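All remarks here apply to the structure that follows.
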Amino acid sequence: MSAHTPLRPTWLCRVDAHPWPCGAARLGLLARFADRSELVAYLEVLRELAHGDLTDLGGGREPNLTHRFLTWASPHV
18 MSAHTPLRPT WLCRVDAHPW PCGAARLGLL ARFADRSELV AYLEVLRELA HGDLTDLGGG
78 REPNLTHRFL TWASPHV
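So this is what it looks like as structure tokens:
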């Protein structure tokens, strides 16, 4: 089975074509990063890459990717 990784520049999952990180990718990332702060730091880098790609694809329209990339991964207070 293929890994649930992003296909750039669309940032859709290579396996299920859902917006990345899809549900399976999120579960894999949670398993890979025991420390949530490291996971969030990693996702912040990817969010910036996705922002650039998706802004270019959208003709300059800036996507809001915070929920998609970060909110789900942030530890609950």
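So in my numbering, the last spot in the sequence shown is 94, and the numbers never skip. Think of the CB as a built atom: it goes at the ideal place given N, C-alpha and C, for glycine as much as any other residue. Remember, it's a predicted structure, so these values are computed and weren't measured experimentally.
Going by the CB atoms, is the gap between residue j and residue i shorter than 8 Å?
i, j, result
"Asp73", "Arg25", "no"
"Ala96", "Trp28", "Lying outside 18 to 94, the shown extent of the chain, residue 96 is not represented and no answer is given."
"Phe86", "Arg53", "no"
In chain order, what residues of the same chain lie with their CB nearer than 8 Å to the CB of residue i, ignoring the 5 residues before and after it?
i, result
"Leu47", "Leu56 and Ala90"
"Arg78", "Thr72"
"Phe50", "Leu56 and Tyr59"
Using a Cβ-Cβ cutoff of less than 6 Å, which residues in the same chain neighbour residue i once the five nearest sequence positions on both sides are dropped?
i, result
"His21", "Cys30, Val32, Cys39, Ala41 and Ala42"
Using the rule of at least 16 other Cβ atoms within 10 Å of the residue's Cβ for burial, across every protein chain shown, is residue i buried or exposed?
i, result
"Pro92", "exposed"
"Leu44", "exposed"
I need the boundaries of the alpha helix (DSSP H) containing residue i, first residue and last residue.
i, result
"Leu60", "Arg53 to Leu74"
So, at 7 Å on beta carbons, what are the nonlocal neighbours of residue i in its own chain, with the 5 sequence-adjacent residues on each side left out?
i, result
"Leu82", "Arg64, Ala67 and His68"
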